[in-house]
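Residues 8 to 731 (the numbering used here) are what the sequence shown spells out, left to right.
Even glycine gets a Cβ: it sits at the ideal position worked out from N, Cα and C.
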Amino acid sequence: MHMKTLLILLVLALATIFALVCVLLTRGRAPSTCQYQPLEQEDTGDGQSLVFADLTPEEMVQVVPAKAEVLRFLDGGGARPPREALAVLYFGNQPDPNITEYVVGPLPTPAYHRDVTVQKYRWKVPYHRRPMLGSEYEQVGAFLEKVAFAAAPTFLEEVFEYDSTNVAFQTTVPHGLRSGDRKSWFVVFQNVSGFFVHPVGLEVLVDHSSLDISQWAVSRVFYNGQYYRDMVQLESAYVQGRISVQKVRKAPRDGDFSSMKPRAPSAALFPLQYEPQGPRYSVRNNHVLFQAWSFAFGMSVNTGLRLFDVRHKGERVAYEISVQEALSVYSSNCPGGMSTRYMDGSFGIGRYTSPLVRGVDCPYSATYIDTHSLSETLRPSKRKASLCIFEQNLGSPLRRHYSNLQSFYYGGLVNSALVIRSIATVGNHDYVWDFIFYQNGAIEGKVQATGYASSSFLHGDGLRYGNRVWEHTLGTIRTHSINYKVDLDVGGVKNSLVAHDMAFEMVRAPWSPEQQIERPRLTKKVLDTEDQAAFRLQSKMPRYIYFAANSKNKWGHQRGYRIQITSFAGDHVPEASSMERAISWARYQLAVTRRKEEEPTSTSIYNQNDPWTPTVAFADFINNETITNEDLVAWITTGFLHIPHSEDIPNTVTVGNSVGFLLRPYNYYDLDPSIYSHDGVFFTSEQDFTACEINPIACLPKTASCLPNFPPFTFDGFQNISRL
């Protein structure tokens, strides 16, 4: 070997050794783990938030007070209201079947119960209004298989290769066309993953109104655009060759095009967020503290996530903020689709709250909380990690200014907010429910829609009612409407409703009278009555509308909180409809009424199955009562029109499907309260903006050069799942 070659090899070897040593020194050692302690904030509530706490599993096995009584306890040193449970019982096996609601208390050792049905609804609730239980769905499923389908064996075998396991059903609501009906269309799909977009063209109308199952019957059958008296007539027509058959390609069990299995292999991990010095919020029982915010939270089995006693800087802003209802009105040229109006509260938005997947549904390091419900059984069910709380850096400034005139400086504040979230999966829809707390005193209520787009079989003039999204699949048009209750207490319980807006006025220029100027001016109006404060869905509403307190800020303005709605709702069901009163809350984008204990919710779980005689009609709340200097409630409706399209396959994304509202301080403070945030960044051109004492962000490598102390990944979402 030549000496020159030997020297070259030696140099390369030394370089390689040096590189390996560098790698070992810089990357070979195990990364350090972030060491931090959970935030210790003083909870001055002394357990007061427990007055709003959901029932514990123990209390559920053993078995919400008035606002004035609660406020006396919270603010006036009054006695703690007794904890009571609402028990809803279906009495079917008796001469007069009915639904009865009892208040049971006091917990944890009940000693009394009282019937409150008539007090709440003014009359007894008829039995036919009851929501369908799991047992009834099972009974209808057995009827379809053993009675209805047994009458058309040749048709089912030759057209669908039916084997009693390869079809799935989706029911429609309301159950019929008039009060007292209990007749449901059952739409047939292939029983595969994402079955909602695999219709086969067969729909069966079952009359299950009788309490005697042997009296149930098929009232009508629909197949590929044609109606038949029953399955017997369908079978006869098929055998005689009088049916136009549309054979649907048999899908694999994973659903093929409807499968949510990724079509690409895993690559670099998506970004994660974490708290470099630990969480800056605390959760104790059902009470949350975050910077200047505090609130209590709960989970209604019917309506889902709700907040109580929301305070900013120690002063109550809202007594209650809660979801009321999620409505979907469908269309189609198939009977099941055209008759569907889902009122998800009757199924249970809280009941169907999903276990959350760490790192996807919520940030990996979020605080996860279990929720409990008691429905259809004598034992409560637990949904592990079905509610999450986290602080989120939204990746943008809450406010900022870069000064390059006269003086040179930068001032900014990161938009970091606290989020409390639950996700409900009701049938094909998944709703992501958020309440978000900002550092400037604003609160946002937001819902994002995802899940599967339920569909109809494509035939005839189907494209009048949606878009074709697969070979035989029509993505049918539908509206989504979400109703919230917002019980604001701005500077006290007594508030008024004030509207501010703008109008152009023509004026002559004072310095040049021969010229005119179009000048915007501020318009002001106090809305004195409930009728004035009820704004129809598509009508023009004042751009600034706010709850005004009796107190004023430093500058002489009434302190207020503004309601700002984000919505692109479809049209409301015509008021001439026989069922419209049951969903009359959806007439209004905003309605403000006097708060009444006898008007706690905008709807009822019983409205779904008898919308023609609604148990609660929100329109009756609006009766022109004065709303000046009263305890007021805002009922907010937000929503969107969904016309499914090919990008809704396999299922719908949340992007662009987010609606909600903001509650924003309006002259409530003397200046923006976020100026007192510890997160502010400010430096001038004369300062060393890399110095830690000037700019904490510049010290990030020193404070965050460690791995987050993430808990182990766990998920219990598939335990105790109902197989209905």
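- Looking at the DSSP output, N105 bridges to F98, P133.
- When DSSP reads this structure, H215 sits in no beta bridge, so it has no partner.
- Listed as beta-bridge partners of M509 by DSSP are L529.
- Here the alpha carbons of G418 and N447 stand approximately 16 Å from one another.
- One Cα belongs to G667, the other to C699, and the distance between them is close to 40 Å.
- In the DSSP assignment, V662 falls outside any alpha helix (DSSP H) and carries neither an H nor an E.
- Between the beta-carbon of V364 and that of F722 there is about 6 Å, and that keeps the pair under the 8 Å contact cut.
- Note that the stretch 537 to 547 touches the stretch 591 to 598; at least 3 beta-carbon pairs, one per stretch, sit closer than 8 Å.
- Exclusion of the five residues before and after G498 leaves A556, N557, S558, R566 as the residues of its chain whose Cβ lies within less than 7 Å of its Cβ.
- Using a Cβ distance threshold of 8 Å, S382 and V433 do not count as a contacting pair.
- When Cβ pairs closer than 8 Å are counted between the two stretches, the stretch 527 to 544 is seen to touch the stretch 633 to 648, the count reaching three or more.
- DSSP lists no bridge partner for S221.
- E537 sits in coil when the DSSP states are folded into three classes, being neither helix nor strand.
- The three-state secondary structure of Q280, taken from DSSP, is coil.
- According to DSSP, Q571 shares a beta bridge with L669.
- Judged by DSSP secondary structure, D441 falls within the beta strand (DSSP E) whose first and last residues are 436 to 444.
- For S346, there is no enclosing alpha helix (DSSP H), since its DSSP letter is neither H nor E.
- Distance from the CA atom of N474 to the CA atom of T457, rounded to whole angstroms, is 18 Å.
- If you compare the alpha carbons of T378, L312, G183 with that of F442, the shortest gap goes to L312.
- Scanning the stretch 470 to 512 from its first residue to its last, no whole alpha helix (DSSP H) run of 4-plus residues comes out.
- When V255, E165, L81, D219 are compared, the shortest CA-CA separation from F196 is found for V255.
- In the DSSP assignment, F690 falls within the beta strand (DSSP E) that extends over 687 to 691.
- Ranked by how close their Cα comes to the Cα of E398, the residues S653, S265, S289 have S289 in first place.
- DSSP, reduced to helix, strand and coil, places D655 within a helical segment of the structure shown.
- Around the CB of Y553, 16 or more other CB atoms lie within 10 Å, so the residue is classed as buried.
- Annotated three-state conformation of S380 is strand, per DSSP.
- Under the three-state reduction of DSSP, M139 is assigned to coil, being neither helix nor strand.
- In this structure, the straight-line span from the alpha carbon of H135 to that of G141 is close to 16 Å.
- For the stretch 217 to 271, the continuous alpha helix (DSSP H) assignments of 4+ residues that do not extend past its boundaries occur at 238 to 246, in sequence order.
- Shown here, G452 sits in a strand according to DSSP, grouped into three states.
- Here DSSP, grouped into helix, strand and coil, assigns A431 to strand.
- Under the 10 Å beta carbon count, H685 is surrounded by fewer than 16 other beta carbons and is classified as exposed.
- In this chain, the alpha helix (DSSP H) harbouring F354 covers 351 to 354.
- With contacts defined as CB atoms closer than 8 Å, M509 and Q523 fail to qualify as a contacting pair.
- Around the beta carbon of A271, fewer than 16 other beta carbons sit within 10 angstroms, so the residue counts as exposed.
- Straight through space, the alpha carbons of F193 and S346 are spaced by roughly 11 Å.
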